[in-house]
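Colleague: Residue numbers (the working numbering), protein chains in the order written: chain A, 16 to 302; chain B, 35 to 347; chain C, 28 to 276.
Where a beta carbon is used, it is the ideal one built from N, C-alpha and C, also for glycine.
These figures come from a predicted structure and were not determined experimentally.
Mind looking over this structure? Questions follow.
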C-alpha cells in the first residue's frame, strides 16, 4: 500500500478520533453528573455545525464564528436543562430518555426546516486552506489545526476538572451527589452548568467538523452513537479513557476506509462489540 | 373469559370498520412489537433503545425470502421469529453485562451497527431506498394480498402473541424477571443468575420484535431503512410508555395511540417527526404516568357522572 | 464436623483490611453469633461467605467443599441463605411473591415451568408456611413496600427461610426495631434454633448472651476471642475492646 496514503489516513483517524473524544467527554460530563441518558447530544453537535455556517455567512469571519457558535449551543443546553430536564430528575431514565430523544427529533427536524434537507459544504478559513508538506505526505492545514484545537480543548477540560474548584465539585458530583449537596453546593446550579459545558463541547466539535465533512441534518444522529461508544468503552467521567477510546475507533475507521470503505462506519461499533466481548466492563473496567 | 380479552376481541372486530385496513393492521403489528419491548422495559426494568435491531433484521430476512423464495408464509414468520431471537441473544449478551445508563447506550450503539450494515449492504437491503417488492402469498386459501384478509391474519397473530405473552408474564419466569427488576442483588442472593434471566428476556422480546418485523414487511411490501433505525426503537419505547409499561395491556393501548398520533400528524405536515418530538416533550413534561393515569381520571369522572345520573332519576 | 469453616479469610479494600485472617468453624445445628463494634468487618465477612465479593485470600469450606469465590446465585443453591442488615426485599411484589420466588429458586429441578405461577400449590404452601413462621401469614396479598419497617424485617427473614437452607446467615435481624418488635424477633430466632444451623450478627449483647451456643468476637477485622457466652463475658480482652466501652451487658 502507498505509505503516504496510509500515513495521511492514520492522521485522519487521529483528527476524527480527537473529535470523537471531545464528544465523548461532553457526553460523559452530562451523563455522569446529571445521571441522565442524553440522546440530544448528537443533535447539539449538528447544531454547532449549522450555527458556525450561518455565523460565517453573516459575519464573514471564521474565528469569530468559532467563538460564537458553540456558545449558542451551550446557551441552548442551559435552557434544556433548566426547562426540560430539571423537572425529571426523579422521573426515571425512561422519561428522561423520551425527553432528550424528543428534543433530538425537534432539533434535527428544525435544522431541516431552517437550512433545508440537502447537505452543504463549508470552507476552512483562508489562513488554513491548502496543505503542509510533512515529508511523507502533504496534509491539509485545517485538519492539523483541528487536531491541535481538539487537543487543547481536551487539555482545557482536564485542567478545568482536575485543577479548579468548580471542576473538583463536578468530579465529586460524578462520584457522589449526596456529598456534594451536603457540602452546601447548589446541586441544581451544578447540573445546569454541567449540561451547558457538555453542550458547549458538543457544539464546538460540530463547528470544527463542518469544514472537514460538510453539513447534513443527520450528522448528529451518526455522531450520537459514536459518542455512546466512546463513553461505553472509556467509562463515565474518565478523560484518558475517552481519548483512548476516541482515537481507537477513529483510527480503526480511517484504516478500514482504505480497504473497505462501505464498512467504515459499522466498524466503529464492531470494534466496540469486540472490546466488550473481551472486556465487558470497558477499557478501564469502570462500573 | 376476562374483560380484557373481551375488549381486545371487540377491538379486533371493530377496528377495520373504523379505520383504513392498513392502519388497523399496523396497530396490531406495533402492539406485538410493544409486547416484546415491555417484557424488557416493564417487567425486567431494562430500558432497551435498540428494539428496531431485531425488528429490522427479521423484516429484511423475511422480506428477502418472500421475494426470492416463494416460501410458505408460516415458515417465513417462524424464521423471522428465530432471526429476532438470535439477534437479540447476540446484542443482549453484550448489553446485560452492564447496567443503568451504560446499558441504554449500548443498546443504541449496537442498533447503529445494524443500521449502518443495512445502509451499506445495498445489494441485499437496497440501502436508503429500502427493499421493495415483497409479496403476500396466499396462506391456506386465504388471499393475504387482500387488505382485509391480511388484517385478519395479523390480528390472529396478535391474539396468539398476546396469549403467549400473558402466559409468560404469569409464569414463574414473569415473577423472576420482576424480582430482578425490583432488587437485582437480592434476586441473585436467593439463587437467580440475573444476567441469564435478562438475556432470556431479551431473546423472548426479540422473538416478538421479529414476528412484528416480518408482518410489517408484508404489510407495506417494502422494508424501509427506517425499520432498523433508532427512530423505530424510540417509537416503540414511546408507545409503550404512553400506554403504560406497568401492565400487560399497556403496549396495546400505546400502539393505538402512537399509530393514531403518527398518522394524524403525518398528514398535517411533511416534517411530522418534529411534531412527534414536540408530542414526546409535552407528554413527558405534562402527562407523565401515561395514559393509564389519564384513563383513571376519566374513569373516575365517568363513574361520578353516572352516579349523579342514577341519583337524579 | 463443622458445616462451615473459614481458613485465614482476608478481604482488603485498597489500604483497608476489612477482614483479617479470620478462621472460624460453625458446627452443624448450633447458633453461632458474631459480635463486634460497628465497622469490625462482620457484614463484609457475610458478603464473603455468600459470594457477594470474593475474599482477597483464604478459603471458605461449606460441608467440606471449597466454595471460595463462588457467585451468590450458586451459593444459594448449595443451601446457604442470608438476611440483610438493610432491608432488602422486592418492594413492588406482593409479600407472598417475595417469598414465593425464593421457594421457586430452590425447587428449580423441574425447569422454568409454563404453568401460571399461582398453579404450583406445593410451592405456594411452602411460601405461606414461611410467612406463617415469621408471623406475616395475614399479609400475604399486600405489596411489600406497604409493610411497616418491623414487618419488612420479618419478611426479610421469611425470604431467607423460604430457601429451606442448611445454613442461615442473619445480619442484625433486629436492626432498627422497637424494644417490643425486638422481643418478637428474638423469640422468632429462638424458635429457629436447633432446626437450622445459624450464624447471627448482632449488636445487642443481651440477645447474644441468651440465645447463642458459641460467640466469636470481631475487632478491626480480626477474631479476638471465641467461646461460650459465659466464657466471652469473662474474657478480659473482649471486655476491654467491646463490652467495657461501648455496650454495657
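Between residue 239 of chain C and residue 103 of chain C, what straight-line distance do the alpha-carbon atoms span, to the nearest angstrom?
Modeller: 24 Å
Colleague: At the 7 Å Cβ level, is residue 38 of chain B part of the contact set with chain C, yes or no?
Modeller: no
Colleague: Any heavy atom of the ligand ADP inside 6 Å of the beta-carbon of residue 210 of chain C?
Modeller: As for the ligand ADP, it is missing from this structure, which has no ligand bound.
Colleague: Following the continuous beta strand (DSSP E) through residue 230 of chain C, name the residue where it begins and the one where it ends.
Modeller: Per DSSP, residue 230 of chain C belongs to no beta strand (DSSP E) and is neither H nor E.
Colleague: Taking all protein chains shown into account, decide if residue 128 of chain A is buried (16 or more other Cβ within 10 angstroms of its Cβ) or exposed.
Modeller: exposed
Colleague: Going by beta carbon distance, what residues of the same chain come within less than 6 Å of residue 302 of chain A, once the five residues before and after it are set aside?
Modeller: In this prediction, residue 302 of chain A scores a pLDDT of 44, lower than 50, which makes its location untrustworthy; no coordinate-derived value is stated.
Colleague: Residue 67 of chain B and residue 257 of chain B - do their beta-carbons sit closer together than 7 Å?
Modeller: no
Colleague: Does residue 31 of chain C come within less than 7 Å of chain B when only Cβ atoms are used?
Modeller: no
Colleague: Ordered along the chain, which non-local residues of its own chain (more than five positions away) have a Cβ less than 6 Å from that of residue 81 of chain C?
Modeller: If we look at residue 81 of chain C and ignore the five residues flanking it on each side, its Cβ neighbours are 96.
Colleague: Looking at chain B, which residues of the stretch 85 to 105 of chain A have a Cβ within less than 9 Å of any of its Cβ atoms?
Modeller: 98, 99, 102, 103
Colleague: Using a Cβ-Cβ cutoff of less than 8 Å, which residues in the same chain neighbour residue 125 of chain C once the five nearest sequence positions on both sides are dropped?
Modeller: 116, 117, 171, 182, 185, 186
Colleague: When you compare each of B/278, B/318, B/264 to residue 57 of chain A by their alpha carbons, which one comes out closest?
Modeller: B/264
Colleague: Against chain A, does residue 143 of chain B count as a neighbour if the rule is that its beta carbon must be under 7 Å from one of theirs?
Modeller: yes
Colleague: In angstroms with no decimal places, state the Cα-to-Cα distance between residue 200 of chain C and residue 119 of chain C.
Modeller: 22 Å
Colleague: Given a threshold of 16 other Cβ atoms within 10 Å of its Cβ, counted over all protein chains shown, does residue 203 of chain A qualify as buried or as exposed?
Modeller: exposed
Colleague: DSSP three-state label for residue 260 of chain B, please.
Modeller: helix
Colleague: Pull out every residue of the stretch 132 to 162 of chain B whose Cβ sits closer than 9 Å to any Cβ of chain A, in chain order.
Modeller: 132, 133, 134, 135, 136, 138, 139, 140, 142, 143, 144, 145, 146, 147, 148, 149, 150, 151, 153, 154, 155, 156
Colleague: In whole angstroms, what separates the C-alpha of residue 256 of chain C from that of residue 144 of chain B?
Modeller: 59 Å
Colleague: Whole angstroms is fine: what's the gap from residue 97 of chain A's alpha carbon to residue 218 of chain A's?
Modeller: 18 Å
Colleague: What do you reckon, are the CB atoms on residue 61 of chain A and residue 235 of chain A nearer than 7 Å?
Modeller: yes
Colleague: Thinking residue 39 of chain A and residue 260 of chain A are a contact (beta carbons under 8 Å), I'd like their distance in whole angstroms, please.
Modeller: 7 Å
Colleague: Once DSSP output is grouped into helix, strand and coil, what is the label at residue 160 of chain B?
Modeller: coil
Colleague: Quick one: what's got a C-beta closer than 6 Å to residue 286 of chain A's C-beta in the same chain, skipping five residues either side?
Modeller: Spatial neighbours of residue 286 of chain A in its own chain (CB-CB distance under 6 Å, excluding positions within 5 residues in sequence) are listed in chain order as 264, 267.
Colleague: Taking Cβ positions only, does residue 132 of chain C come closer than 7 Å to chain B?
Modeller: Taking 7 Å as the threshold, the shortest C-beta distance from residue 132 of chain C to chain B falls below it.
Colleague: Do you know how far the Cα of residue 115 of chain A is from the Cα of residue 146 of chain B?
Modeller: 18 Å
Colleague: With a threshold of 16 other CB atoms inside 10 Å of the CB of residue 50 of chain C, please say whether the residue is buried or exposed.
Modeller: exposed
Colleague: Taking three-plus beta-carbon pairs below 8 Å as touching, is the stretch 234 to 249 of chain C in contact with the stretch 29 to 48 of chain C?
Modeller: By the Cβ criterion, the stretch 234 to 249 of chain C is in contact with the stretch 29 to 48 of chain C, since at least three pairs of Cβ atoms, one from each stretch, lie closer than 8 Å.
Colleague: Should residue 229 of chain B be flagged as near chain C, meaning a C-beta pair shorter than 7 Å?
Modeller: no
Colleague: Nearest CA to the CA of residue 188 of chain B: which residue from B/155, B/64, B/317?
Modeller: B/64
Colleague: Measure from the C-beta of residue 139 of chain C to each C-beta in chain B and report whether the shortest distance is under 7 Å.
Modeller: yes
Colleague: Of all the CB atoms in chain F, is at least one closer than 7 Å to the CB of residue 203 of chain A?
Modeller: The chain labelled as chain F is not found among the protein chains of the depicted structure, namely A, B and C.
Colleague: Are any of the Cβ atoms in chain B nearer than 7 Å to that of residue 272 of chain C?
Modeller: Only weak support is given to the placement of residue 272 of chain C: the predicted model assigns it a pLDDT of 49, under 50, and the question is left unresolved by the model.
Colleague: Is there a Cβ from chain B that is less than 7 Å from the Cβ of residue 126 of chain C?
Modeller: no
Colleague: What are the start and end residues of the alpha helix (DSSP H) that includes residue 193 of chain A?
Modeller: 192 to 197
Colleague: Starting from residue 110 of chain B, follow the alpha helix (DSSP H) in both directions and report where the run begins and ends.
Modeller: 107 to 129
Colleague: In terms of alpha-carbon separation, which member of B/116, B/219, B/176 lies closest to residue 129 of chain C?
Modeller: B/219
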